[in-house]
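Positions in the sequence shown are counted from 1; adding 120 to them yields this note's numbering.
The block underneath contains the structure these notes are about, expressed in structure tokens.
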Amino acid sequence: MTNQLDRKIAVVLSGCGHTDGTEITEAVSTLIALSEVGAQYQCFAPDVGNSLEMSKRIARGNVQPIDKLRSQDFDGVVFPGGYGAAKVLSNFAEAGAGGKVLPEVSRVIKEFHNDAKPIGVICIAPSLVALTLGKEGVELTIGNDEATAAVIKKTGARHTSCPVDDYVSDRDHKVLSAPAYMYDNAKPFEVYTGIRKMILELVEMA
121 MTNQLDRKIA
131 VVLSGCGHTD
141 GTEITEAVST
151 LIALSEVGAQ
161 YQCFAPDVGN
171 SLEMSKRIAR
181 GNVQPIDKLR
191 SQDFDGVVFP
201 GGYGAAKVLS
211 NFAEAGAGGK
221 VLPEVSRVIK
231 EFHNDAKPIG
241 VICIAPSLVA
251 LTLGKEGVEL
261 TIGNDEATAA
271 VIKKTGARHT
281 SCPVDDYVSD
291 RDHKVLSAPA
301 YMYDNAKPFE
311 VYTGIRKMIL
321 ELVEMA
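Now the structure itself:
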């Protein structure tokens, strides 16, 4: 496999645990897949509540505040899922298509997008891109959840159904999305398989 040591990928977390932070299996799958291809990574999290401190449990303490994250320092960015994406990084869980993304998160997404660098989003995290870039018609997936897909479409984003062990690539907008635990009964290996496929293209795209 081609070594991608020259690729630096930012990973944005929102805490530790799927009910109010980052889904742990999705985050660890992301880090394993990145390390498998030799990409360097750095984790970030918002310094709100205890999100930053809790995120350190996943990244073995090495997490920086998201306000230090700049597109110019990285080749791509990944947002694992978990309800923290919809409760901490945004208020999508409460406000749906009318929701707002945390200003620093919105800035990061726009910076990477404007710099034509790939953005990977997992599980419910595609809502962050939908709320930020939906009017551009970006293509996303949250699996086969029709109710959530309908809300995603209200932002202007396009939704494509996708099985748990796969991902959707919008090469025009350089946005990649994997459904992961949007399938509640998914097996960890299925989640990892979809995320790994997404990461391989993201690093290649970077």
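Using N, Cα and C, we set each Cβ at its ideal position, and we do this for glycine too.
Note that this is a predicted model, so its numbers are computed, not measured.
**Prompt:** Which residue spans inside the segment 274 to 315 form an unbroken alpha helix (DSSP H) run of at least 4?
**Reply:** Uninterrupted alpha helix (DSSP H) stretches at least 4 residues long and entirely within the segment 274 to 315 do not occur.
**Message:** Buried or exposed, going by whether 16 or more other CB atoms sit within 10 Å of the CB of F309?
**Reply:** Within the sequence shown, residue 309 is the residue found at index 189, counting from 1. Label assigned to F309: exposed.
**Prompt:** On the three-pair Cβ rule with 8 Å, is the segment 301 to 315 touching the segment 271 to 279?
**Reply:** Between the segment 301 to 315 and the segment 271 to 279 there are fewer than three inter-stretch CB-CB distances shorter than 8 Å, so the stretches are not counted as touching.
**Asked** Considering only residues of the same chain and omitting the five flanking positions on each side of T122, which have a CB-CB separation below 8 Å?
**Response** Numbered from 1 along the sequence shown, position 2 holds the residue referred to as residue 122. Note that T122 scores a pLDDT of 45, beneath 50, so its modelled location is shaky and nothing firm can be said.
**Message:** Once DSSP output is grouped into helix, strand and coil, what is the label at F212?
**Reply:** As a working mapping, residue 212 is identified with position 92 in the sequence shown. If DSSP states are grouped into helix, strand and coil, F212 belongs with the helices.
**Item:** Inter-stretch contact at 8 Å, needing at least 3 Cβ pairs: the segment 169 to 185 / the segment 142 to 149
**Value:** Segments in contact, yes.
**Request:** Take L260 as the anchor and find which of S226, Q184, A298 has the nearest alpha-carbon.
**Result:** One-based indexing of the sequence shown puts residue 260 at position 140. Considering only S226, Q184, A298, the residue with the shortest C-alpha distance to L260 is A298.
**Message:** Cutting at 6 Å between CB atoms, please list the residues of its own chain near Y246, excluding the five before and the five after it.
**Reply:** Position 126 of the sequence shown, counted from the first residue, corresponds to residue 246. Reading off the sequence shown, one finds Pro at residue 246, where the question assumed Tyr. The beta carbon of P246 sits closer than 6 Å to those of L260, I262, S297, all from its chain and outside the five residues before and after it, given in chain order.
**Asked** In this structure, does DSSP put K317 in helix, strand or coil?
**Response** Here residue 317 corresponds to residue number 197 of the sequence shown, with the count starting at 1. Residue state, collapsed to three classes: helix.
**Request:** Please determine, among K237, A179, S226, the residue with the shortest C-alpha to C-alpha distance to G196.
**Result:** If you number the sequence shown from 1, residue 196 lands on position 76. Here the closest residue by C-alpha is K237.
**Asked** Tell me which same chain residues have a C-beta within less than 7 Å of the C-beta of K230, skipping the five on either side of it?
**Response** To locate residue 230, count along the sequence shown from 1; it is residue 110. Counting only Cβ-Cβ distances below 7 Å, and skipping sequence neighbours, we find T252.
**Message:** Checking 8 Å against the spacing of the C-beta atoms, do G204 and Y301 come in under that value?
**Reply:** By 1-based counting over the sequence shown, the position of residue 204 is 84. By 1-based counting over the sequence shown, the position of residue 301 is 181. Contact flag unset, no.
**Prompt:** What separation, rounded to the nearest whole angstrom, lies between the Cα atoms of V295 and L151?
**Reply:** One-based indexing of the sequence shown puts residue 295 at position 175. One-based indexing of the sequence shown puts residue 151 at position 31. Cα to Cα, the separation comes out at about 18 Å.
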